[in-house]
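Asks:
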Amino acid sequence: MAKIAELPKKLKRARMSAGFSQKELAEKLGLSGKTISAYEKARAVPPTPTLARISEITKVPVQDIIGERQVNYNGEILKSIRELNSSVRNIERLLEQLAREGIYAKEKHKKSN
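For what it's worth, our numbering labels the leading residue of the sequence shown as 59, then goes sequentially.
In structure tokens form, the structure reads like this:
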């Protein structure tokens, strides 16, 4: 398990990666915003069932929150974006090749504005 000092940062990171304010997460957990603030400022430690609910709500695995496994979500997102961009470029190249061969007519498949 991670050092207890790391838990508040990981809780905040999980909340923020899910796009929740402290108040929004607190409402989903049936807690007060002050309680979430206390967790994130190391003034209190969430009980195990609360950690499980935070994991469920934020879609961040408990192992990542408690530090058994570290994941760089920003890095994963950037990697996914690069892979998608690469796939799009490959599809565009393939469509251009098919159009040159007369198999695919670009004009028929363009979106109408």
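Using N, Cα and C, we set each Cβ at its ideal position, and we do this for glycine too.
Just so it is clear, the structure is predicted and the values come from calculations on it, not from any experiment.
Does valine 146 pass the burial test, meaning 16 or more other C-beta atoms within 10 Å, or should it be called exposed?
Replies: Working through the sequence shown from its first residue, we reach residue 146 at position 88. Answer is exposed; the Cβ neighbour count stays below 16.
Asks: Figure out for me which residue from Ser75, Ala157 and Thr108 has the closest Cα to the Cα of serine 90.
Replies: Taking the sequence shown and counting its residues from 1, the one referred to as residue 90 is at position 32. Comparing Cα positions, the closest option is Thr108.
Asks: Output the distance between the C-alpha atoms of isoleucine 115 and alanine 96, rounded to the nearest integer angstrom.
Replies: Taking the sequence shown and counting its residues from 1, the one referred to as residue 115 is at position 57. Taking the sequence shown and counting its residues from 1, the one referred to as residue 96 is at position 38. Approximately 18 Å between the Cα atoms of the pair.
Asks: Does the distance from the CB of leucine 69 to the CB of glutamate 98 come in under 9 Å?
Replies: Here residue 69 refers to the residue found at position 11 of the sequence shown. Here residue 98 refers to the residue found at position 40 of the sequence shown. A contact, by the Cβ cut-off of 9 Å.
Asks: Taking only runs that begin and end inside the segment 66-124, name each unbroken beta strand (DSSP E) of 3 or more residues, in chain order.
Replies: none
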